[in-house]
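S.K.: My questions all concern the structure below.
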Amino acid sequence: MQSKFVCQQCGYESVGFLGKCPNCGEWNSLVETVVSTGKSEKRRGNRETQNVKTIKLSDIKASKTARILTKIPELDRVLGGGLVNGQVVLIAGEAGIGKSTLLLEVSSCLAAGKPSG
């Protein structure tokens, strides 16, 4: 058995008690309701399969994508030749290793339009 909390004003559902409904803003309007979770109701994952065709990596045609040079040669090399417009890059590492310093240097070089030295 599981319980959920339902707002008596707007019908908003929450898995935990909230003093104020985030949907309609009413205070103390969420009431606990017990939900039956029998074995037949439990589902894991999507049981439906799709017809998927596999292809070899060598069959994929690479296209030339415009890249923005960071002006830091080693970073450009690691990024495959620079940044791609709309790309998200995760910069990770231990505390104090220089992640913020690296990104500040890249930002400074890009803003100034000059190579890093």
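1 is the number of the first residue of the sequence shown in full-length UniProt numbering; add one for each residue after it.
Where is the CB? At the ideal position from N, CA and C, for every residue including glycine.
All values reported here derive from a predicted model rather than from experimental measurement.
#1: Determine which residues share a DSSP beta bridge with LYS20 and list them.
#2: If you check the beta carbons only, do LEU69 and GLY82 fall under 7 angstroms apart?
#3: Does DSSP put SER107 in a helix, in a strand, or in coil?
#4: Relative to the C-alpha of ALA92, which candidate in GLY86, LEU102, ASN85, LYS61 has its C-alpha closest?
#5: Are there 16 or more other CB atoms within 10 angstroms of the CB of ASN51, so buried, or fewer, so exposed?
#6: Which residue marks the beginning of the beta strand (DSSP E) containing VAL6, and which one marks its end?
M.R.: Put simply:
#1: Stepping through the sequence shown from its first residue, residue 20 is reached at position 20. Partner(s): TRP27.
#2: Numbered from 1 along the sequence shown, position 69 holds the residue referred to as residue 69. Numbered from 1 along the sequence shown, position 82 holds the residue referred to as residue 82. Taking a C-beta distance under 7 angstroms as the contact criterion, LEU69 and GLY82 qualify as a contact pair.
#3: The residue labelled residue 107 in the question sits at position 107 within the sequence shown. DSSP places SER107 in helix when its eight states are reduced to three.
#4: The count along the sequence shown starts at 1 and reaches residue 92 at position 92. Nearest of GLY86, LEU102, ASN85, LYS61 to ALA92, Cα basis: LEU102.
#5: Indexing the sequence shown from 1 puts residue 51 at position 51. Exposed, since its Cβ has fewer than 16 Cβ neighbours within 10 Å.
#6: Residue numbering aside, residue 6 sits at position 6 when the sequence shown is read from its first letter. In the DSSP assignment, VAL6 falls within the beta strand (DSSP E) that extends over 2-7.
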